[in-house]
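If you want this note's numbering, it's the position in the sequence shown, counting the first as 1, plus 3.
Just so you know, even glycine gets a beta-carbon here, dropped at the ideal spot from N, CA and C.
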Amino acid sequence: MRFFGARWKARPLASQILVWLLCILFVTVTLGALLYTQISNQTLEDQYRLRALGIATTVAQMPEIVTSLGNGDPTHSIQAIASKVQSQAQPDYVVVTDRKGVRYSHPNPNLIGQTLEEPVAVLDGQTHVGIDKGSLGDSVNAKAPVRAADGTVVGQVSVGILETTESSELTKQVLLIAGYSAWCS
């Protein structure tokens, strides 16, 4: 330890200042990147929640969904509509259920006709946003009520973006900021 101290004192003052400045710069850039990652993660999650809510609300108000759900979907059109929305708007899933939680659409066709694991959340007539632990995995999720012409809730639309999708996007952003930080250093 004494050897290190002797070597350190033997360095010129300019070298010592440079080393300390580089250390301060490294710590500052690292803390900035960590803070950016934290804020970016929260912002990204909020954006995905709003996106899912917008899609769910839009699908829940589609006249074809309301009519088909009210009639028990005899032509099986709900799955086709949900698949089209899913392919165009790019959420990971669009699930339409009736009041009892029976699925009329799902990315896994084997689950159509089966009942949800949890109760229908929108029976109170409100939209719900949060993290959902569904059959496809954890997701940022929004649920919107499907209302009949008289205003009664006849079902729900659940739209989700899997956390793996969110994590992938966050990883891209973190790599970009890390690369930029390294370049600036």
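Report, in whole angstroms, the separation of the C-beta atoms of residue i and residue j, which I expect to be a contact under 8 Å.
i: threonine 167; j: lysine 146; result: At roughly 20 Å, the Cβ-Cβ gap does not stay under 8 Å, so threonine 167 and lysine 146 are not in contact.
i: aspartate 101; j: valine 157; result: 7 Å
i: leucine 139; j: proline 110; result: 7 Å
i: asparagine 144; j: alanine 83; result: Actually they are not in contact, since the Cβ atoms of asparagine 144 and alanine 83 sit about 22 Å apart, beyond 8 Å.
Residue range of the alpha helix (DSSP H) that residue i falls in?
i: serine 43; result: 16–63
i: isoleucine 84; result: 80–92
i: serine 71; result: 66–73
For residue i and residue j, what's the separation of their Cα atoms in angstroms?
i: proline 122; j: isoleucine 134; result: 15 Å
i: leucine 34; j: glutamine 41; result: 11 Å
i: leucine 114; j: serine 108; result: 8 Å
i: proline 15; j: alanine 36; result: 32 Å
i: leucine 28; j: tyrosine 39; result: 16 Å
i: glutamine 149; j: tyrosine 96; result: Looking at the sequence itself, residue 149 is valine, so the reference to glutamine does not match. The alpha-carbon atoms of valine 149 and tyrosine 96 are separated by roughly 17 Å.
i: glutamine 19; j: glutamine 45; result: 39 Å
i: methionine 4; j: tyrosine 183; result: Because the pLDDT at methionine 4 is just 46, under 50, the model does not fix this residue reliably, and the point stays unresolved.
i: threonine 47; j: alanine 17; result: Note on residue identity: the sequence assigns leucine, not threonine, to residue 47. Computed Cα separation, rounded: 44 Å.
i: lysine 87; j: leucine 25; result: 54 Å
i: leucine 119; j: glutamine 50; result: 26 Å
i: glycine 128; j: glutamine 159; result: 10 Å
i: arginine 52; j: serine 80; result: 26 Å
i: valine 69; j: alanine 151; result: 6 Å
i: valine 22; j: lysine 175; result: 31 Å
i: asparagine 74; j: serine 43; result: 44 Å
i: valine 162; j: tryptophan 186; result: 39 Å
i: glycine 116; j: aspartate 153; result: 26 Å
i: isoleucine 180; j: aspartate 141; result: 26 Å
Identify every residue that forms a DSSP beta bridge with residue i.
i: lysine 175; result: DSSP lists no partner for lysine 175.
i: tyrosine 96; result: Gly163
i: lysine 146; result: His131 and Ser161
i: arginine 106; result: Thr100
i: glycine 140; result: Gly137
i: valine 156; result: Arg150
Could you check where the beta strand (DSSP E) with residue i kicks off and where it finishes?
i: isoleucine 115; result: Isoleucine 115 -> no beta strand (DSSP E), and no H or E assigned at all.
Take every Cβ of the segment 92–105, pair it with every Cβ of the segment 44–61, and state whether three or more of those distances are shorter than 8 Å. yes
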